[in-house]
Amino acid sequence: SQQGEEDPQALSIQEGENATMNCSYKTSINNLQWYRQNSGRGLVHLILIRSNEREKHSGRLRVTLDTSKKSSSLLITASRAADTASYFCATDDTGGFKTIFGAGTRLFVKA
Amino acid sequence: SQTIHQWPATLVQPVGSPLSLECTVEGTSNPNLYWYRQAAGRGLQLLFYSVGIGQISSEVPQNLSASRPQDRQFILSSKKLLLSDSGFYLCAWSVGVEYEKLFFGSGTQLSVL
Numbered sequence: 001s002q003q004g005e006e007d008p009q010a011l012s013i014q015e016g017e018n019a020t021m022n023c024s025y026k027t028s029i030n031n032l033q034w035y036r037q038n039s040g041r042g043l044v045h046l047i048l049i050r051s052n053e054r055e056k057h058s059g060r061l062r063v064t065l066d067t068s069k070k071s072s073s074l075l076i077t078a079s080r081a082a083d084t085a086s087y088f089c090a091t092d093d094t095g096g097f098k099t100i101f102g103a104g105t106r107l108f109v110k111a
Numbered sequence: 112s113q114t115i116h117q118w119p120a121t122l123v124q125p126v127g128s129p130l131s132l133e134c135t136v137e138g139t140s141n142p143n144l145y146w147y148r149q150a151a152g153r154g155l156q157l158l159f160y161s162v163g164i165g166q167i168s169s170e171v172p173q174n175l176s177a178s179r180p181q182d183r184q185f186i187l188s189s190k191k192l193l194l195s196d197s198g199f200y201l202c203a204w205s206v207g208v209e210y211e212k213l214f215f216g217s218g219t220q221l222s223v224l
């Protein structure tokens with residue numbers, strides 16, 4: 001089954017800097033999502049971008065999707081210590097109800 | 112508003128013992144329900160999903176099973192736990208036109224010793 005692969009696996013930045021995480025996937029998709037997980041907690045949905053969209057914004061988050069390259073990026077601007085978490089991309093099983101997650105990027109924002 | 116309850120939060124079980132994890136959703140009808148497992152520091156593995164009462168799709172052959180006895184109740188079970196069943200188990204739901212968007216419970220940390 002298709003699966004997103006995030007890059008980098010881990011990222012450490014200073015507060016106020018921007019954080020960029022990338023996701024690549026293997027087969028056609030209807031949509032791609034990004035989720036956030038604080039340590040030991042459930043995942044929280046951040047943003048969904050459909051295959052006919054190229055860019056989407058939500059607050060300090062910016063997501064891009066390039067279906068020709070089968071890749072997506074998540075940009076967090078002006079990062080804060082509270083942004084420290086793992087971030088996962090997830091892709092759908094076209095026409096089905098399955099959502100498949102990548103291994104995630106662990107972001108650490110130093111105050 | 113919709114809420115999801117998952118319990119227990121932590122569970123320590125001996126190898127060979129049975130397992131029952133329960134998840135319930137409130138405030139919505141006919142949700143799609145999911146069980147995922149997460150190994151430490153890893154991504155999520157889809158175990159089971161259900162689009163209706165009594166309808167269970169299994170993604171990974173293993174000694175786990177799932178049941179949906181009521182519309183908003185999803186149960187993960189095992190008759191005999193293995194060491195490899197240890198992990199963080201997450202229940203999730205979705206519904207309606209935004210069925211791709213998942214809402215997760217707080218998870219159960221299962222340690223099989």
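Residue numbers (the working numbering), protein chains in the order written: chain A, 1 to 111; chain B, 112 to 224.
Even for Gly, the Cβ is constructed at its ideal location relative to N, Cα and C.
Hey, is residue i's beta-carbon within less than 8 Å of any beta-carbon in chain A?
i	result
PHE214 (chain B)	yes
VAL162 (chain B)	yes
SER217 (chain B)	yes
GLU211 (chain B)	yes
HIS116 (chain B)	no
Cα-Cα, which of the options is closest to residue i?
i	options	result
THR20 (chain A)	A:SER86, A:ASP92, A:LYS98, A:THR91	A:SER86
GLU6 (chain A)	A:PHE101, A:VAL109, A:LYS56, A:ASN18	A:PHE101
ARG148 (chain B)	B:VAL123, B:GLU137, B:LEU175	B:LEU175
ARG62 (chain A)	A:ARG50, A:LYS70, A:LEU75	A:LEU75
LEU221 (chain B)	B:THR121, B:HIS116, B:GLU170	B:THR121
ASN30 (chain A)	B:SER217, B:VAL223, B:ASN141, B:GLU209	B:GLU209
SER73 (chain A)	A:GLU53, A:CYS23, A:GLY4, A:ALA10	A:CYS23
VAL171 (chain B)	B:LEU158, B:PRO142, B:THR114, B:SER112	B:LEU158
VAL109 (chain A)	A:THR84, A:CYS89, A:PHE88	A:THR84
ILE47 (chain A)	B:SER128, B:ALA177, B:GLU211, B:LEU155	B:GLU211
ASP182 (chain B)	B:GLY127, B:VAL126, B:GLN166	B:GLN166
GLN28 (chain A)	A:HIS45, A:GLY40, A:CYS89, A:ASP93	In the sequence as presented, Gln is not what sits at residue 28 (chain A); that position holds Ser. Selected option, being the one with the closest Cα: A:ASP93.
Just checking: is the beta-carbon of residue i within a distance shorter than 8 Å of some beta-carbon in chain B?
i	result
ASN31 (chain A)	yes
LEU46 (chain A)	no
GLN2 (chain A)	Caution applies to GLN2 (chain A), whose pLDDT of 49 falls short of 50 and renders its modelled position unreliable; the value that the coordinates give is listed next. So, not an interface residue.
PHE88 (chain A)	yes
Helix, strand or coil for residue i, going by three-state DSSP, please let me know.
i	result
LEU194 (chain B)	helix
ALA150 (chain B)	coil
ASP92 (chain A)	strand
GLU55 (chain A)	strand
ASP83 (chain A)	helix
GLU6 (chain A)	strand
SER1 (chain A)	In this prediction, SER1 (chain A) scores a pLDDT of 46, lower than 50, which makes its location untrustworthy; the coordinate-derived value is nonetheless stated afterwards. Note: SER1 (chain A) maps to coil in three-state DSSP.
GLU209 (chain B)	helix
LEU43 (chain A)	strand
VAL63 (chain A)	strand
GLY163 (chain B)	strand
Output yes if chain C places a C-beta closer than 8 Å to the C-beta of residue i; else output no.
i	result
ILE49 (chain A)	Checking the listed chains, one finds no chain C in this structure; the protein chains it contains are A and B.
Quick check: what's the CA-CA separation for residue i versus residue j?
i	j	result
CYS202 (chain B)	GLU15 (chain A)	33 Å
SER55 (chain A)	ASP66 (chain A)	Residue 55 (chain A) is actually Glu in this sequence, not Ser. Roughly 9 Å separates the two Cα atoms.
GLU133 (chain B)	TYR145 (chain B)	12 Å
ALA82 (chain A)	ARG153 (chain B)	21 Å
LEU187 (chain B)	GLU17 (chain A)	42 Å
SER1 (chain A)	THR99 (chain A)	Any answer about SER1 (chain A) is weak, because its pLDDT of 46 lies below 50 and its placement is not dependable; what the coordinates show is given next. Near 10 Å, if we compare the C-alpha coordinates of THR99 (chain A) and SER1 (chain A).
PRO119 (chain B)	LYS69 (chain A)	42 Å
GLN173 (chain B)	LEU213 (chain B)	24 Å
SER161 (chain B)	THR135 (chain B)	13 Å
THR139 (chain B)	VAL206 (chain B)	8 Å
LEU192 (chain B)	LEU11 (chain A)	36 Å
ILE164 (chain B)	ILE13 (chain A)	46 Å
ASP196 (chain B)	THR64 (chain A)	36 Å
THR219 (chain B)	PHE199 (chain B)	6 Å
PHE97 (chain A)	PRO142 (chain B)	11 Å
Which residues of chain A have a Cβ atom closer than 7 Å to the Cβ of residue i, listed in chain order?
i	result
ASN143 (chain B)	PHE97
LEU157 (chain B)	LYS98, ILE100
What residues from chain A crowd round residue i, counting only those whose CB sits closer than 9 Å?
i	result
TYR200 (chain B)	Near TYR200 (chain B) there are no residues of chain A at all, since even the closest Cβ is about 10 Å away, more than 9 Å.
List the residues of chain B that residue i touches, going by C-beta distances under 7 Å, in chain order.
i	result
ALA103 (chain A)	ARG153, GLY154
GLY42 (chain A)	LEU201, PHE215, GLY216, SER217, GLY218
ASP92 (chain A)	GLU211
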